[in-house]
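J.:
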Amino acid sequence: MYRYDQHDHQIIQERIAQYRDQVRRRLSGELTEDEFRVLRLQNGLYMQRHAYMLRIAIPYGMLSSTQVRKFAHIARKYDRGYGHFTTRQNIQFNWIDLEETPDILAELASVEMHAIQTSGNCMRNITSDEFAGVAADEVIDPRPYAEILRQWTTFHPEFAYLPRKFKIAINGSKEDRAAIAVHDIGLTVVHDGQGEVGFRVMVGGGMGRTPILGSVIREFLPWKDVMTYLEAILRIYNQHGRRDNIYKARIKILVKAIGAEEFARQVEEEWQDIKDGPATLTQEELTRVASYFSTPDYATLPASDAGFELHKTENKAFSNWVKRNVKPHKVPGYAAVVLSLKKPGVPPGDANAEQLDFIAGLADRYSFGEVRVTHEQNLVLSDVKQSELVTLWQEAKAHGLATPNIGLLTDMICCPGGDFCSLANAKSIPIALDIADRFSNLDYLYDIGDIELNMSGCINACGHHHVGNIGILGVDKDGSEWYQVSIGGAQGNESSIGKIIGPSFSAGQMPEVIERIIQVYIRDRTEDERFIDTARRLGIAPFKEYVYASPIKTTEPHGEDACA
Amino acid sequence: MREIIKDKVIVQDDWTVLRLAEGEAPDAVEVPAGKVIVPLKVWQLQRDSLAKRGDIAVWFASDEQAKELKEDIARFSLIAVDFPKFADGRGYSIAYNLRSRFAYTGELRAIGDVLRDQLFYMQRVGFNAFATREDKNIHDALKGLTDFSEKYQTSWDEKSPLFRREHRDGAQA
Chain A
1 MYRYDQHDHQ IIQERIAQYR DQVRRRLSGE LTEDEFRVLR LQNGLYMQRH AYMLRIAIPY
61 GMLSSTQVRK FAHIARKYDR GYGHFTTRQN IQFNWIDLEE TPDILAELAS VEMHAIQTSG
121 NCMRNITSDE FAGVAADEVI DPRPYAEILR QWTTFHPEFA YLPRKFKIAI NGSKEDRAAI
181 AVHDIGLTVV HDGQGEVGFR VMVGGGMGRT PILGSVIREF LPWKDVMTYL EAILRIYNQH
241 GRRDNIYKAR IKILVKAIGA EEFARQVEEE WQDIKDGPAT LTQEELTRVA SYFSTPDYAT
301 LPASDAGFEL HKTENKAFSN WVKRNVKPHK VPGYAAVVLS LKKPGVPPGD ANAEQLDFIA
361 GLADRYSFGE VRVTHEQNLV LSDVKQSELV TLWQEAKAHG LATPNIGLLT DMICCPGGDF
421 CSLANAKSIP IALDIADRFS NLDYLYDIGD IELNMSGCIN ACGHHHVGNI GILGVDKDGS
481 EWYQVSIGGA QGNESSIGKI IGPSFSAGQM PEVIERIIQV YIRDRTEDER FIDTARRLGI
541 APFKEYVYAS PIKTTEPHGE DACA
Chain B
1 MREIIKDKVI VQDDWTVLRL AEGEAPDAVE VPAGKVIVPL KVWQLQRDSL AKRGDIAVWF
61 ASDEQAKELK EDIARFSLIA VDFPKFADGR GYSIAYNLRS RFAYTGELRA IGDVLRDQLF
121 YMQRVGFNAF ATREDKNIHD ALKGLTDFSE KYQTSWDEKS PLFRREHRDG AQA
């Protein structure tokens with residue numbers, strides 16, 4: 001993975017000094033809270049319900065075991081013993097003292113990490129495919145470009161005070177695992193007719209109050225032009241994006257207002273001025289950065305391991321785990337392993353300090369010392385020998401990291417919600433836990449099969465509810481918490497936005513609501529049809545009809561019953 | 001007279017900024033004598049009379065575009081860009097365009113809600129003068145110009161990205 005050189009180190013050190021002084025001036029009163037808020041947000045520090053939350057950048061989701069151990073240390077020393085992995089491949093600590101944040105940044109810098117631009121109206125951490133470099137369906141490894149763009153976005157002077165936050169995702173595989181269609185800019189690495197490498201550029205996707213899938217504004221952008229072209233996009237957005245209404249300030253609203261074609265025309269015009277200028281990427285720099293993502297020292301192995309195959313047939317629990325949590329690898333004899341952070345009873349995406357240390361050890365023993373974070377809030381060991389899967393599974397299981405549920409209903413995406421977040425209208429984690437509890441029978445889960453259940457505690461959609469096959473959105477009605485349900489959303493190559501099925505429900509009704517939706521699927525599915533296929537074929541009508549057919553008992557006696 | 005930061009030092013400055021009061025029309029407002037920085041709109045609407053004076057500068061509101069002054073840019077030795085709120089970042093692109101696209105070489109001054117923690121970025125996109133907010137200590141603000149000694153990407157101040165300027169090592173084989 002990428003390693004800092006002296007320039008990277010110097011910039012991070014200067015940033016810590018700058019930030020330390022900003023904190024000092026805030027504490028002394030030289031900076032007002034209004035002035036400081038913008039500065040601390042650009043450093044990932046949010047004021048939450050109970051304490052400050054610090055969001056640390058994990059560029060394109062890649063971590064070394066050393067960095068994971070540092071998280072464990074931060075969790076113990078500065079937080080309450082755990083961290084929370086997010087849908088943008090970052091990690092958050094929820095119980096942070098302002099006075100200690102400069103020291104935490106210094107700790108992070110010692111392992112080549114930071115919290116720069118993890119919040120605020122600026123270009124955020126760049127996300128990518130968690131299987132980059134190892135995926136069997138990869139066309140081009142996107143990580144060198146992601147790192148080059150990380151450096152380009154870091155402290156970009158012109159685009160630090162945009163109308164709103166700005167998120168870039170990049171995918172290099174046939175299947176999109178980076179949710180590019182719901183990003184401000186979504187890049188796909190592609191080849192043109194002559195075999196040249198470049199990007200298909202999507203712009204204006206997003207979730208929140210107005211979910212929109214991005215529009216392709218350029219089918220092929222040569223790789224060397226990526227920074228100048230993005231600069232043109234950002235310059236148009238910085239000047240013309242709306243600033244009068246926070247809910248209409250994302251680039252998607254601008255693109256929608258003037259149309260993707262007109263937006264593309266303006267970008268092309270802007271680009272002509274800087275195209276082929278000094279910001280053009282060089283082959284030398286691409287080669288340098290790419291050298292950090294070279295192939296690890298793989299052993300030459302048979303395509304399939306006899307011991308592994310034997311264990312699969314003899315051990316059902318192991319074979320279930322392999323079926324759900326082990327992914328194909330482009331190198332014979334290897335596999336990528338997903339460690340589930342969706343154990344029943346634990347908030348989705350949470351890992352405690354002991355687990356973090358343990359995961360770092362697993363990475364060192366089984367996977368070249370690297371860990372990836374998925375935007376579904378799980379972790380990946382990307383380079384495991386098939387012959388070692390059994391022992392890895394046994395170890396992971398003993399630490400609660402081998403729940404065999406990847407891609408199943410209990411592998412929910414979920415934001416921290418009202419328990420932590422001051423933006424949230426409603427709690428999300430307790431509802432996720434209740435639903436997971438209702439669907440604890442593994443055979444039933446396997447029968448249901450592939451399904452994405454995504455939940456957000458408010459319209460900001462950190463839990464990606466719009467693109468969940470089933471989406472749950474927490475809403476506030478007259479001071480109490482309600483949940484709106486949508487069906488038919490999807491991420492990936494066939495991205496779509498879910499449709500709301502009807503009036504919202506109370507928290508206590510939610511497990512039964514999900515149960516009823518699943519019953520309709522099981523009743524109406526054809527053979528081998530996934531939930532999303534059935535939902536697409538039938539639309540929301542049969543789900544709606546069945547869910548609202550009879551009153552749903554709620555475990556909470558108070559409040560209005562949606563079916564009453 | 002007030003103090004501003006210009007070319008990295010604190011200097012006395014005798015320009016005044018004309019801001020229209022509510023209801024004042026840019027075509028009718030009377031531009032006082034002396035060195036005045038007038039709104040772009042006032043310049044555009046009173047160009048004939050103002051063009052005769054040698055002591056006029058213009059300032060851009062954050063929703064105006066650099067290209068609106070395209071034909072006249074070379075006439076001015078001072079152009080200002082207003083930051084109504086420090087978190088309104090449009091002024092950065094106005095400055096960049098004035099410098100890069102329209103080759104403006106005179107004094108480019110940030111006015112309005114101009115604070116220490118934004119000066120480094122402002123300097124990078126082409127500002128060389130800063131009328132920092134008067135309730136803040138300008139000597140303190142001056143320190144904001146030197147927060148960083150290295151930068152990754154190009155802007156007005158740095159024509160070459162880090163990867164073209166410095167030798168950077170790749171992974172050790």
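Chains as they are written, first to last, in this note's numbering: chain A, 1 to 564; chain B, 1 to 173.
All C-beta atoms in this analysis are idealised placements derived from N, C-alpha and C, irrespective of residue type, glycine included.
Express the C-alpha separation of B/Gly34 and B/Ile4 in angstroms, rounding to a whole number.
T.: In the second sequence, the residue the question calls residue 4 of chain B occupies position 4. In the second sequence, the residue the question calls residue 34 of chain B occupies position 34. Cα to Cα, B/Ile4 sits roughly 18 Å from B/Gly34.
J.: To the nearest angstrom, how far is it from the Cα of A/Asn315 to the Cα of A/Asp5?
T.: The residue labelled residue 315 of chain A in the question sits at position 315 within the first sequence. The residue labelled residue 5 of chain A in the question sits at position 5 within the first sequence. In a straight line, the C-alpha of A/Asn315 is about 47 Å away from that of A/Asp5.
J.: Considering only the alpha carbon of each residue, which of A/Ser504, A/Leu445, A/Ile451, A/Gly417 lies closest to A/Arg49?
T.: Your numbering for residue 49 of chain A matches position 49 in the first sequence. Among A/Ser504, A/Leu445, A/Ile451, A/Gly417, the Cα nearest to that of A/Arg49 is on A/Gly417.
J.: Do the CB positions of A/Val134 and A/Lys330 come within less than 9 Å of each other?
T.: The residue you call residue 134 of chain A lines up with position 134 of the first sequence. The residue you call residue 330 of chain A lines up with position 330 of the first sequence. A contact, by the Cβ cut-off of 9 Å.
J.: If you draw a straight line from the alpha carbon of B/Gln44 to that of A/Glu285, how long is it in whole angstroms?
T.: Translated into the one-based positions of the second sequence, residue 44 of chain B becomes position 44. Translated into the one-based positions of the first sequence, residue 285 of chain A becomes position 285. Approximately 46 Å, taken between the alpha carbons.
J.: Does any residue of chain A have a CB that is nearer than 9 Å to the CB of B/Leu20?
T.: The count along the second sequence starts at 1 and reaches residue 20 of chain B at position 20. So no, B/Leu20 is outside the interface.
J.: Quick check for students: name the residue ranges of the alpha helix (DSSP H) that lie wholly in the segment 95–170 of chain B, counting only runs of 4 or more.
T.: Counting only runs of 4 or more, we get 119–125, 138–142, 162–165.
J.: Report the residues of the segment 237–252 of chain A with a CB closer than 7 Å to any CB of chain B, ordered along the chain.
T.: Within the segment 237–252 of chain A, the qualifying residues are Asn238, Gln239, Arg243.
J.: Give the secondary structure of A/Phe199 by DSSP, where H, G and I count as helix, E and B as strand, and everything else as coil.
T.: For the purposes of this step, residue 199 of chain A is taken as residue 199 along the first sequence, with counting starting at 1. Strand at A/Phe199.
J.: Note down, in chain order, every chain A residue with its Cβ under 9 Å from the Cβ of B/Phe148.
T.: Counting from one through the second sequence, the residue named residue 148 of chain B turns up at place 148. Within 9 Å Cβ-Cβ: Gln10, Ile11, Glu14, Arg15, Gln18, Phe155.
J.: Whole angstroms are fine: how far does the CA of A/Asn469 sit from the CA of A/Gly259?
T.: The residue you call residue 259 of chain A lines up with position 259 of the first sequence. The residue you call residue 469 of chain A lines up with position 469 of the first sequence. Cα to Cα, the separation comes out at about 28 Å.
J.: Between which residues of its own chain and B/Ile56 is the CB-CB distance below 7 Å, once the five residues before and five after are set aside?
T.: Against the second sequence, residue 56 of chain B aligns to sequence position 56. If we look at B/Ile56 and ignore the five residues flanking it on each side, its Cβ neighbours are Val36, Val38, Leu50.
J.: Run through chain B and tell me which residues come within less than 8 Å of A/Ala279, C-beta to C-beta.
T.: For the purposes of this step, residue 279 of chain A is taken as residue 279 along the first sequence, with counting starting at 1. Neighbours of A/Ala279 on chain B, chain order: Gln153, Thr154, Pro161.
J.: Within 8 Å: the Cβ of A/Asp276 and any heavy atom of the ligand SAH?
T.: This structure simply doesn't include the ligand SAH, nor any ligand for that matter.
J.: Residues in its own chain within less than 6 Å of A/His558 by CB, not counting five upstream and five downstream?
T.: What you label residue 558 of chain A is simply residue 558 of the first sequence in a count that begins at 1. Here A/His558 scores only 36 on pLDDT, less than 50, and its place in the model is too uncertain to base an answer on.
J.: In whole angstroms, what is the alpha-carbon distance linking A/Ile451 and A/Phe543?
T.: As a working note, residue 451 of chain A is residue 451 in the first sequence. As a working note, residue 543 of chain A is residue 543 in the first sequence. Cα-Cα distance, rounded: 15 Å.
J.: Can you find a C-beta in chain B that's less than 9 Å from the C-beta of A/Asn43?
T.: Translated into the one-based positions of the first sequence, residue 43 of chain A becomes position 43. So no, A/Asn43 is outside the interface.
J.: How about A/Phe36 and A/Ile56: are their beta carbons less than 9 Å apart?
T.: Taking the first residue of the first sequence as position 1, residue 36 of chain A is located at position 36. Taking the first residue of the first sequence as position 1, residue 56 of chain A is located at position 56. Their beta carbons are not under 9 Å apart, which means A/Phe36 does not touch A/Ile56 by this criterion.
J.: Locate the beta strand (DSSP E) running through A/Ser456, then write down its first and last residues.
T.: The sequence position of residue 456 of chain A within the first sequence is 456, counting from 1. Segment 453–456, the beta strand (DSSP E) holding A/Ser456.
J.: Shortest alpha-carbon distance to A/Thr101 belongs to which of A/Ile74, A/Ser65, A/Leu356, A/Gly81?
T.: Here the question's residue 101 of chain A lines up with position 101 in the first sequence. Selected option, being the one with the closest Cα: A/Ile74.
J.: At 9 Å on the CB atoms, spell out the chain A contacts of B/Gly23, in chain order.
T.: In the second sequence, the residue the question calls residue 23 of chain B occupies position 23. Simply none; closest approach about 21 Å.
J.: Please report how far the alpha carbon of A/Asp411 lies from the alpha carbon of A/Asn325, in whole angstroms.
T.: Taking the first sequence and counting its residues from 1, one reaches residue 411 of chain A at position 411. Taking the first sequence and counting its residues from 1, one reaches residue 325 of chain A at position 325. Distance between the alpha carbons of A/Asp411 and A/Asn325 is about 11 Å.
J.: Using the Cβ count rule (16 or more neighbours within 10 Å means buried), how would you classify A/Asn378?
T.: Against the first sequence, residue 378 of chain A aligns to sequence position 378. By the 10 Å Cβ count, A/Asn378 comes out buried.
J.: Exposed or buried, what is A/Tyr247 when buried is set at 16 or more other beta-carbons lying within 10 Å of its beta-carbon?
T.: In the first sequence, counting from the first residue as 1, residue 247 of chain A sits at position 247. A/Tyr247 should be labelled exposed.
J.: Identify each residue in the segment 115–134 of chain B for which the Cβ-Cβ distance to at least one residue of chain A is less than 7 Å, and report them in chain order.
T.: Result list: Leu115, Asp117, Tyr121, Arg124, Val125.
J.: Give, in chain order, every unbroken run of the beta strand (DSSP E) that is at least 3 residues long and sits entirely within the segment 176–238 of chain A.
T.: DSSP runs (the beta strand (DSSP E)) wholly in the segment 176–238 of chain A: 185–191, 197–203, 215–222.
J.: With a threshold of 16 other CB atoms inside 10 Å of the CB of A/Lys252, please say whether the residue is buried or exposed.
T.: In the first sequence, residue 252 of chain A corresponds to position 252, counting from 1. When all chains shown are included, A/Lys252 counts as buried.
J.: With DSSP collapsed to three states, give me the class of A/Pro102.
T.: On the first sequence, residue 102 of chain A is found 102 positions in, with the first residue counted as 1. In the structure shown, A/Pro102 sits in a helix (DSSP, three-state: H, G or I).
J.: If you follow the alpha helix (DSSP H) that B/Val9 is part of, which residue opens it and which one closes it?
T.: One-based indexing of the second sequence puts residue 9 of chain B at position 9. Here B/Val9 belongs to no alpha helix (DSSP H); instead the beta strand (DSSP E) covers 9–13.
J.: Using DSSP bridges, identify the partner residues of A/Phe93.
T.: Stepping through the first sequence from its first residue, residue 93 of chain A is reached at position 93. Its beta-bridge partners are A/Leu54.
J.: For A/Pro59, which of helix, strand or coil comes out of DSSP?
T.: For this step, residue 59 of chain A is matched to residue 59 along the first sequence. Helix.
J.: Taking the straight line between their C-alpha atoms, what separation do you get for A/Ile91 and A/Ala303?
T.: Your numbering for residue 91 of chain A matches position 91 in the first sequence. Your numbering for residue 303 of chain A matches position 303 in the first sequence. About 35 Å.
J.: Starting from B/Glu3, follow the beta strand (DSSP E) in both directions and report where the run begins and ends.
T.: Within the second sequence, the letter at position 3 stands for residue 3 of chain B. It spans 2–6 - the beta strand (DSSP E) in which B/Glu3 sits, taken as one unbroken run.
J.: Which value, in whole angstroms, describes the spacing of the CA atoms of A/Val371 and A/Phe358?
T.: Position 371 of the first sequence, counting from 1, holds the residue named residue 371 of chain A. Position 358 of the first sequence, counting from 1, holds the residue named residue 358 of chain A. If you take the alpha carbons of A/Val371 and A/Phe358, they lie about 12 Å apart.
J.: Determine, using beta carbons only, whether B/Tyr92 comes closer than 9 Å to chain A.
T.: As a working mapping, residue 92 of chain B is identified with position 92 in the second sequence. Interface residue, yes.
J.: Can you give me the Cβ contacts of B/Asp14 inside the same chain, cut-off strictly under 7 Å, excluding the 5 residues immediately before and after it?
T.: For the purposes of this step, residue 14 of chain B is taken as the residue at position 14 of the second sequence. Result list for B/Asp14: Met1, Lys35, in chain order.
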